[in-house]
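Letter 213 of the sequence shown, counting from 1, is numbered 209 in the numbering used here, and no numbers are missing. Input: a single structure, listed below in structure tokens.
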Amino acid sequence: MTRAEPNEAQDESLWARARQSGMSRRAFLALLASGGAAAVLAGCVQKISPTPVATPVPSPAPPPAPRPIIKPIPDAYFIPLGANTEMRFEVMADKAYATPESFFFVRGHSFTPVIDVKTWKLRIEGDGVERPLELSYNDLLKLPAKTVTRFVECAGNGRSFFDTLLKKPAQGGQWRLGAYGVAEWTGVQLSALLKRAGIKGTAVDVMPTGLDSLSIERPMSVAKAMEEDTIVAYMMNGGILPLDHGFPARLITPGWVGINNIKWVGKITVSEKPIFVEKNTSSYVFVGPDYPPQPPAKGPMLTTQVVKSACALPWPAALTAGQQKVVGYAWSPFGKIARVEVSINGGGVFRDARLTGPNIERAGSRWEFSFDARPGDMAITPRATDDKGNVQYAVSQQKWNEQGYLFGAMVPHPVKVVG
Ligand SMILES: Nc1nc2c(c(=O)[nH]1)N[C@H]1C(S)=C(S)[C@@H](COP(=O)(O)O)O[C@H]1N2
Ligand SMILES: [Mo]
């Protein structure tokens, strides 16, 4: 085989290449002489890229597992409860009044949906309106706004005490008292929307439906829907309504059980006939020996919450002996708080706590109680009374129901006092 005439320029660029790959001048010349450019290049290739080892083909990262709750819910602030999360009440000890979003409990029957406001619509329809209505997010924001400060509380808040205090366990998430939060909500009065849709005098029930995967819905009476503080809210505590709390819009039905505060609302049905769905016939009804069935419902339907109070302390709490000041909250679905008393001897003697800060109807009041803590195990038991005369009662008077709704008895908060 004839070698091509050596070409100096080519040899020079070949040498540059060979030198780059770490080849000696001597090896280069030898390779060039024996096998020409091809041999040099082969030598270079070997040097530059040694036999490649098999590298694994990177597989695409698995998509992040969907989470029921989107906001951060660190253990320091929340007690996880299945797909829900309870506020640790001690986080409220140093707050001004309202529950910040970052501490607000979350209760959803499925996962928090992420809704696109560009395509979101709120429809108001049904045989109870003359003119069915469809509003975009911008339409809603343009209507006259109403701001109210009110609590949202789960009907099952306090359910664990059916077991631990009454010794009759109930089905469902075993909440202590942190399925309560108070916030400033801004939105549009539901009555204004219903009037725009031409609500008929014959309408009886109004039912919002959520856009979550289970389309959660629960009716309310027209009377409740027309109350001046029943709103379709799009803001919470001055910010855009958070995803987990119902973005783009949710119902606020003050004083009523949490389930009526439908999140991610997409449709409001107005009906001339009473509406019966799962959440007012099977769940969120009282079932038990004290409650006769009310066909088609298994028992009386829940509407309002009950008067409650809680200590903003860890559970159980540890305090040092000596003068101590405990902070707590009390709330009523009917009005303002009139009085909070506290017992530190198991309910024998009660002394008045001091109400501090705002005292807002269907929202709550902060209270403070100072006492001399003696070493040992004790309990702090608050008792709230509202301005309509509703008062918390002894555990022995708490009626039991299968699904553990509306625990309203006094709750002794366990405390260890160290000397
Ligand atoms: N669409 C929809 N709305 C819903 C729910 C739900 O699962 N889906 N849960 C209800 C229940 S049971 C409660 S207690 C409150 C809780 O509101 P929060 O998560 O903002 O605290 O939302 C209510 N609204
Ligand atoms: Mo709830």
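Beta carbons: idealized from backbone N, C-alpha and C, even for Gly.
Validate contact between the segment 154 to 165 and the segment 103 to 117 using beta carbons, cut 8 Å, 3 pairs:
no
Quick check: what's the CA-CA separation for S278 versus E130?
Translated into the one-based positions of the sequence shown, residue 278 becomes position 282. Translated into the one-based positions of the sequence shown, residue 130 becomes position 134. If you take the alpha carbons of S278 and E130, they lie about 31 Å apart.
Need the endpoints of the beta strand (DSSP E) that S339 sits in, please.
Here residue 339 refers to the residue found at position 343 of the sequence shown. It spans 333 to 339 - the beta strand (DSSP E) in which S339 sits, taken as one unbroken run.
If distances are taken between C-alpha atoms only, which option among L190, K259, L237 comes closest to L210?
Sequence index remark: in the sequence shown, residue 210 carries index 214 (1-based). Comparing Cα positions, the closest option is K259.
Helix, strand or coil: which one does DSSP assign to G168?
What you label residue 168 is simply residue 172 of the sequence shown in a count that begins at 1. Reduced to three states, the DSSP call for G168 is coil.
Compute the minimum distance between the beta carbon of K208 and the heavy atoms of ligand 1, and state whether it is under 7 Å.
The residue you call residue 208 lines up with position 212 of the sequence shown. Residue identity differs from the one stated: residue 208 is Asp in this sequence, not Lys. The answer is yes for D208.
Just to confirm the assignment, what range does the beta strand (DSSP E) spanning L129 have?
Mapped onto the sequence shown, residue 129 falls at position 133. 129 to 132 is the extent of the beta strand (DSSP E) around L129.
Beta-carbon separation of E357 and G324 under 8 Å?
Locating residue 357 in the sequence shown gives position 361, counting from the first residue. Locating residue 324 in the sequence shown gives position 328, counting from the first residue. No.
Check this for me: beta carbons of G251 and Q301, under 8 Å apart or not?
The residue you call residue 251 lines up with position 255 of the sequence shown. The residue you call residue 301 lines up with position 305 of the sequence shown. The answer is yes: Cβ separation under 8 Å.
Answer yes or no: the CB of G104 versus the heavy atoms of ligand 2, is any distance below 7 Å?
Along the sequence shown, one-based indexing puts residue 104 at 108. Not under cutoff, so the answer is no.
Which of the three DSSP states, helix, strand or coil, is assigned to T198?
Within the sequence shown, numbered from 1, the residue matching residue 198 stands at position 202. Residue state, collapsed to three classes: coil.
How far does the alpha helix (DSSP H) with K67 in it reach, from first residue to last?
The residue you call residue 67 lines up with position 71 of the sequence shown. Element bounds for K67: n/a, residue is neither H nor E.
Starting from R192, trace the alpha helix (DSSP H) both ways and give me its first and last residue.
One-based indexing of the sequence shown puts residue 192 at position 196. Unbroken alpha helix (DSSP H) run through R192: 186 to 192.
DSSP-derived helix/strand/coil call for R13
Taking the sequence shown and counting its residues from 1, one reaches residue 13 at position 17. Here R13 sits in helix by DSSP.
Would a C-beta distance cut-off of 8 Å place H409 and A326 closer than the cut-off?
Taking the first residue of the sequence shown as position 1, residue 409 is located at position 413. Taking the first residue of the sequence shown as position 1, residue 326 is located at position 330. Contact: no.
Is the segment 190 to 206 touching the segment 255 to 271, taking contact as three or more C-beta pairs under 8 Å?
yes
In this structure, how does DSSP classify M406 when only helix, strand and coil are distinguished?
Taking the first residue of the sequence shown as 1, we reach residue 406 at position 410. Note: M406 maps to coil in three-state DSSP.
Tell me the DSSP bridge mates of F330?
Start at 1 with the first residue of the sequence shown, and residue 330 comes out as number 334. None, per the DSSP bridge assignment.
Taking the alpha-carbon of E274 as reference, which of M297, I248, V200 has the nearest alpha-carbon?
One-based indexing of the sequence shown puts residue 274 at position 278. The residue with the shortest Cα to Cα distance from E274 is M297.
Leaving out five residues before and five after K384 in sequence, what residues of the same chain have Cβ atoms less than 7 Å from its Cβ?
Against the sequence shown, residue 384 aligns to sequence position 388. Cβ neighbours of K384 beyond the five flanking positions: F330, G331.
I need the straight-line Cα distance from T377 to G343, nearest angstrom please.
Translated into the one-based positions of the sequence shown, residue 377 becomes position 381. Translated into the one-based positions of the sequence shown, residue 343 becomes position 347. In a straight line, the C-alpha of T377 is about 7 Å away from that of G343.
E337 versus F158: straight-line alpha-carbon distance, rounded
Counting from one through the sequence shown, the residue named residue 337 turns up at place 341. Counting from one through the sequence shown, the residue named residue 158 turns up at place 162. Those two C-alpha atoms are separated by around 22 Å.
Where E268 and P238 are concerned, what is the direct C-alpha to C-alpha distance, given to the nearest angstrom?
Taking the first residue of the sequence shown as 1, we reach residue 268 at position 272. Taking the first residue of the sequence shown as 1, we reach residue 238 at position 242. Cα-Cα distance, rounded: 33 Å.
Residue interval of the alpha helix (DSSP H) (run including F158):
As a first step, residue 158 must be located in the sequence shown, where it is residue number 162. Looking at the DSSP string, the run of the alpha helix (DSSP H) that includes F158 is 156 to 160.
Does the distance from the C-beta atom of I248 to that of I227 stay below 8 Å?
Within the sequence shown, numbered from 1, the residue matching residue 248 stands at position 252. Within the sequence shown, numbered from 1, the residue matching residue 227 stands at position 231. Yes. Within cutoff.
With a Cβ-Cβ cutoff of 8 Å, do V351 and I333 count as a contact?
Taking the sequence shown and counting its residues from 1, the one referred to as residue 351 is at position 355. Taking the sequence shown and counting its residues from 1, the one referred to as residue 333 is at position 337. Reading off the sequence, residue 351 comes out as Leu, not Val. Yes; because the gap between Cβ atoms is below 8 Å, this pair is in contact.
Short Cβ contact (8 Å threshold) for T108 with I65
Translated into positions along the sequence shown, residue 108 becomes position 112. Translated into positions along the sequence shown, residue 65 becomes position 69. Yes, they are a contact pair.
So, at 8 Å on beta carbons, what are the nonlocal neighbours of Y73 in its own chain, with the 5 sequence-adjacent residues on each side left out?
Here the question's residue 73 lines up with position 77 in the sequence shown. The answer, listed in chain order, is M83, R84, V87, S98, F99.
Exposed or buried, what is R172 when buried is set at 16 or more other beta-carbons lying within 10 Å of its beta-carbon?
Taking the first residue of the sequence shown as position 1, residue 172 is located at position 176. It is buried - the Cβ of R172 has at least 16 other Cβ atoms within 10 Å.
Going by C-alpha to C-alpha distance, which of W363, Y176, F346, F367 sits closest to V413?
For this step, residue 413 is matched to residue 417 along the sequence shown. The residue with the shortest Cα to Cα distance from V413 is F367.
What residue from Q320, E223, V184 has the CA that sits closest to Y133's CA?
Along the sequence shown, read from residue 1 onward, the residue named residue 133 stands at position 137. Cα-wise, what sits closest to Y133 is V184.
Look at the alpha carbon of K43 and the alpha carbon of A57, and state the distance between them as a whole number of angstroms.
Counting from 1 along the sequence shown, the entry for residue 43 is found at position 47. Counting from 1 along the sequence shown, the entry for residue 57 is found at position 61. Legend: pLDDT at K43 = 47, less than 50; position of this residue unreliable, no value from coordinates given.
Which residues does DSSP list as the beta-bridge partners of K142?
Within the sequence shown, residue 142 is the residue found at index 146, counting from 1. Paired residue(s): G183.
Let me check one thing: in DSSP terms, what residues is E364 bridge-paired to?
Numbered from 1 along the sequence shown, position 368 holds the residue referred to as residue 364. DSSP lists V323, R350 as partners of E364.
Supposed contact pair R246 and A219 - C-beta distance, whole angstroms, cut 8 Å:
In the sequence shown, the residue the question calls residue 219 occupies position 223. In the sequence shown, the residue the question calls residue 246 occupies position 250. Their Cβ separation, rounded to whole angstroms, is 20 Å, which puts A219 and R246 out of contact at 8 Å.
Check whether the Cβ of I255 lies closer than 7 Å to any heavy atom of ligand 2, and answer yes or no.
Against the sequence shown, residue 255 aligns to sequence position 259. Under cutoff, so the answer is yes.
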